[in-house]
Amino acid sequence: MTAPGILFRGATVVDGTGSPGYRADVHVAAGRVAAIEPAGGLSRPGRVVDADGLVLAPGFIDMHSHSDLRLLAEPDHVAKVSQGVTLEVLGQDGLSYAPVDDDTIEPLRAQLAGWNGDPPGFDWNWRDVGCYLGRLDKGIAVNAAYLVPHGTVRILVMGWDDRRATPAELARMREVTAAGLREGAVGLSAGLTYAPGMYADLAELEALCEVVAAHDGYFSPHHRSYGAGALAAYEEMVELSLRTGCPLHLAHATMNFPENEGRAADLLALLDAAAARGADITLDSYPYLAGATYLSALLPSWAAEGGVDATLARLSDVDIRERVRVDLEVTGSDGCHGVPVDWTTIEVNGVRLDANRHLVGRSVAESAAAAGVAPFELFADTLLAERLGTSCLMHVGHEANVRAIMTHPGHTGGSDGLLVGDRPHPRAWGTFPRYLGHYVREEGVLGLEECVAHLTGRAARRLRLTDRGLVRAGYAADLVLFDPATVGDTATYTEPRQRATGIEHVLVNGVPVLSDGEPTGALPGHSIRRTGA
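Residue numbers (this note's numbering): 132 to 664.
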């Protein structure tokens, strides 16, 4: 799709390299940045946008997105368009919807309902990665890249079993991963606190990362712990990258839970030391303190083996249920990052059943007290009633850690935003303007040019994009025009579906998807496939 030419006159161009901004006229035509000249130097037919006092930057790249289903179900994608996002990376945390077969798609839909919903009447007409990407190509508001999800591959090959892969199964997983990369995926993701990815040993991950490296992709793990043993979990991924030669991108890199308060410097020192040894490491983070996931993710790995029905059976058994409670509240479940759960920090933010709507916006501890039951009993009963389809927020972050990590030279932006539920995390609507408004303009944690580089050019380099991520003649016209004096997030934990302020225009492949602050409904986006695929 192409659009009539657009001339941005007198913009302050912040080009995504980190270099100082400069005033210029920028002409867009046929989906590309056609020309850049000093302000007042260009005159072209077509629409003219007065950009005096505004910043023209590359469109923001969401390096960690969970829009896999919503982007197809609601392709106008206002949550991301309204904050200046022009490219998302899907297939995160080792769990998504391709590659699958007829036997695995149904249990995956059930497990991932807390992340993505399960829209009635939706057409699940793909099975492999290439066909999924082809479905995206039928029309979406933003561009999208895809990571082969390790957990989904494991389900396809060996089900939900808690065991090591046999040599034949490992060979098959390597074949399936390679096929996804050939079909256009940009790398491999893993969710090592989510079943069944958490059952994989290091040898399995190493075998798959060798395949990814051979196809010039990257590995993006949600590693084994962000709580107890977090630094050791990071170190395991770093050593894996060094041994296999596979570039590493750390998903939603942070140091959470009381055990890790003030320990961001330890993580950054580990990454710097690895870089000195030749490691190719980047990371993403979101500028908030709460995490978000499905409520059943807290369960210990042994309790989640076998999929949804097997998990529900265990929660229905009095003796097994007590064992689950001890793992959660006393030992520290591996699903809860090895930390005994603090029910005051776990907030239900999305339910399937109207009968459970009263739980939304309250911690498990609060709802349990109101009901006169123990928090664990409310947790388990809710999972049973909802068939695990409940989502939650985890208020376990530390502001000093968030600030320190976002300044690292390998840092990029990722929303980790879930778009479903009664009260989704505000990061789904506010991540990128929050960086620019709160952390740049108000707090001065990052400079404007540096922050834009984090959110655009650095991310494009990780994705090995040669014509996106910068404002440069000949590059794809994925652009955002914003007011640096007013840009900011308005989404909150109680009112999360609120558009950003100060985002004036957004172009995807040269087509306006946001014009004068309003969504246009245009669908010019498509899949971004690995170079050479």
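The C-beta atom is built at its ideal place from N, Cα and C for all residues, glycine as well.
Residue i, DSSP secondary structure in three states
{"i": "Asp440", "result": "helix"}
{"i": "Pro230", "result": "coil"}
{"i": "Gly311", "result": "helix"}
{"i": "Thr133", "result": "The predicted position of Thr133 is uncertain, since its pLDDT is 46 and thus under 50; no value can be drawn from it."}
{"i": "His346", "result": "coil"}
{"i": "Phe507", "result": "helix"}
{"i": "Phe613", "result": "strand"}
{"i": "Ala435", "result": "helix"}
{"i": "Ala608", "result": "coil"}
{"i": "Glu306", "result": "helix"}
{"i": "Ala210", "result": "helix"}
{"i": "Leu446", "result": "helix"}
{"i": "Thr625", "result": "coil"}
{"i": "Ala321", "result": "strand"}
{"i": "Val220", "result": "strand"}
{"i": "Gly215", "result": "coil"}
{"i": "Thr597", "result": "coil"}
{"i": "Tyr330", "result": "helix"}
{"i": "Ala338", "result": "helix"}
{"i": "Ala423", "result": "strand"}
{"i": "Gly619", "result": "strand"}
{"i": "Arg592", "result": "helix"}
{"i": "Ala299", "result": "helix"}
{"i": "Asp249", "result": "coil"}
{"i": "Arg88", "result": "Residue 88 lies beyond the stretch modelled for the chain, which goes from 132 to 664, so this question has no answer here."}
{"i": "Gly290", "result": "coil"}
{"i": "Leu243", "result": "coil"}
Minimum C-alpha distance to residue i - residue among the options
{"i": "Val288", "options": "Glu300, Val571, Tyr277, Pro280", "result": "Glu300"}
{"i": "Gly149", "options": "Ala631, Ala434, Val639, Thr587", "result": "Thr587"}
{"i": "Ile236", "options": "Leu567, Gly282, Gln214", "result": "Gly282"}
{"i": "Val179", "options": "Leu200, Gly141, Gln214, Arg154", "result": "Gly141"}
{"i": "Thr297", "options": "Thr623, Arg595, Asp332, Lys269", "result": "Asp332"}
{"i": "Asp638", "options": "Val216, Trp246, Asp199, His197", "result": "Before going further, note that residue 638 is Leu rather than Asp in the sequence given. Out of Val216, Trp246, Asp199, His197, Val216 has the C-alpha closest to the C-alpha of Leu638."}
{"i": "His529", "options": "Thr476, Ser196, Gln242, Gly252", "result": "Thr476"}
{"i": "Ile286", "options": "Ala210, Ala326, His346, Val159", "result": "Ala326"}
{"i": "Phe191", "options": "Gln242, Ser494, Phe563", "result": "Phe563"}
{"i": "Asp183", "options": "Ala155, Ser198, Ala210, Leu519", "result": "Ala155"}
{"i": "Gly252", "options": "Leu200, Cys262, Val159", "result": "Leu200"}
{"i": "His208", "options": "Pro655, Thr662, Arg661", "result": "Pro655"}
{"i": "Gly328", "options": "Cys262, Leu402, Ser432", "result": "Ser432"}
{"i": "Leu524", "options": "Gly575, Cys467, Ala302", "result": "Cys467"}
{"i": "Ser320", "options": "Arg394, Val279, Thr662", "result": "Val279"}
{"i": "Ala229", "options": "Trp257, Leu612, Ser416", "result": "Trp257"}
{"i": "Asp614", "options": "Arg452, Asp647, Tyr624", "result": "Asp647"}
Neighbourhood of residue i by C-beta distance below 6 Å, restricted to the same chain and skipping five residues each side
{"i": "Tyr330", "result": "Asp293"}
{"i": "Ala364", "result": "His354, Arg355, Ser356"}
{"i": "Ile659", "result": "Asn274, Ala276"}
{"i": "Gly438", "result": "Pro238, Trp291"}
{"i": "Gly600", "result": "Gly147, Pro189, Thr587, Gly588, Ala591"}
{"i": "Ser447", "result": "none"}
{"i": "Tyr153", "result": "Val144"}
Cβ-based neighbour list, residue i, same chain, cut-off 8 Å, excluding 5 preceding and 5 following
{"i": "Ala405", "result": "Val369, Ser372, Leu373, Ile412"}
{"i": "Phe598", "result": "According to the sequence shown, residue 598 is Asp rather than Phe. Gly605, Tyr606, Ala607, listed in sequence order."}
{"i": "Asp397", "result": "Leu362, Met386"}
{"i": "Ala602", "result": "The residue you asked about is not Ala; residue 602 is Val in the sequence shown. Closer than 8 Å at the Cβ level, and outside the excluded window around Val602, lie Val144, Val145, Asp146, Gly147, Val157, Val164, Ile167, Leu187, Ala188, Pro189, Leu610."}
{"i": "Ala516", "result": "Leu484, Ala486, Asn487"}
{"i": "Asp465", "result": "Thr324, Met329, Arg355, Ser356, Pro431, Ser432"}
{"i": "Leu443", "result": "Leu514, Leu515, Arg518, Leu519"}
Chain D within 8 Å of residue i, Cβ atoms only
{"i": "Asp609", "result": "Here there is only one protein chain, and chain D is not present."}
Cut-off 7 Å between Cβ atoms - residues of its own chain near residue i, not counting five sequence neighbours on either side
{"i": "Thr133", "result": "With a pLDDT of only 46 at Thr133, under 50, the local geometry of the prediction cannot be trusted, and the value read off the model is given with reservation. Excluding residues within five positions, the ones whose Cβ falls inside 7 Å are Ala161, Gly162, Gly641."}
{"i": "Val212", "result": "Ala272, Val273, Val637, Val644, Leu645, Pro650"}
{"i": "Ala502", "result": "Leu509"}
Checklist entry - Between the region 164-177 and the region 501-519, do at least 3 Cβ pairs fall closer than 8 Å? => result No: the two stretches stay apart, fewer than three of their Cβ pairs being nearer than 8 Å.
Checklist entry - What residue ranges within the region 134-205 form continuous alpha helix (DSSP H) runs of no fewer than 4 residues, ordered along the chain? => result Every unbroken stretch of the alpha helix (DSSP H) spanning 4 or more residues and falling wholly within the region 134-205 is given here in chain order: 201-204.
Item to check | Continuous beta strand (DSSP E) assignments of at least 3 residues falling wholly in the region 633-662 | outcome: As far as the region 633-662 is concerned, its whole beta strand (DSSP E) runs of at least 3 residues are 634-639, 642-646.
Checklist entry - What runs of the beta strand (DSSP E), each 3 residues or longer, lie entirely inside the region 255-284? => result Fully enclosed beta strand (DSSP E) runs of 3 or longer: 274-280.
Checklist entry - What are the complete alpha helix (DSSP H) segments, minimum 4 residues, inside the region 352-415? => result Qualifying alpha helix (DSSP H) stretches, in chain order: 361-375, 395-407.
Checklist entry - Are the region 407-423 and the region 375-384 touching by the rule of at least three beta carbon pairs closer than 8 Å? => result Output reads yes: the region 375-384 touches the region 407-423.
Next on the checklist: To test your reading of the DSSP string, which unbroken alpha helix (DSSP H) runs of 4 or more residues are found completely within the region 460-511?
Outcome noted: Whole alpha helix (DSSP H) segments, 4+ residues: 495-502.
Next on the checklist: Tell me whether the region 260-277 and the region 208-224 touch, counting them as touching only if at least three CB pairs, one residue from each stretch, are closer than 8 Å.
Outcome noted: They touch, by the three-pair rule.
Next on the checklist: Please give the ranges of any alpha helix (DSSP H) in the region 499-587, keeping only runs that are unbroken, at least 4 residues long and fully inside the region.
Outcome noted: Taking only runs of at least 4 residues, the alpha helix (DSSP H) segments lying wholly in the region 499-587 are 506-517, 530-537, 558-565, 579-586.
Checklist entry - Between the region 552-562 and the region 614-624, are three or more C-beta pairs nearer than 8 Å? => result Touching, yes.
Item to check | Three or more C-beta pairs below 8 Å linking the region 539-556 and the region 241-248 | outcome: Yes, since at least three Cβ pairs between the region 539-556 and the region 241-248 fall closer than 8 Å, the two stretches touch.
Next on the checklist: Taking contact to mean 3 or more Cβ pairs, one atom from each stretch, closer than 8 Å, check whether the region 227-235 and the region 574-586 are in contact.
Outcome noted: In short, these stretches do not touch, since the Cβ pair count stays below three.
Checklist entry - Touch check for the region 418-437 and the region 468-486: three-plus C-beta pairs under 8 Å? => result Segments in contact, yes.
Checklist entry - Are the region 485-495 and the region 454-462 touching by the rule of at least three beta carbon pairs closer than 8 Å? => result The answer is no - the region 454-462 does not touch the region 485-495, with fewer than three Cβ pairs under 8 Å.
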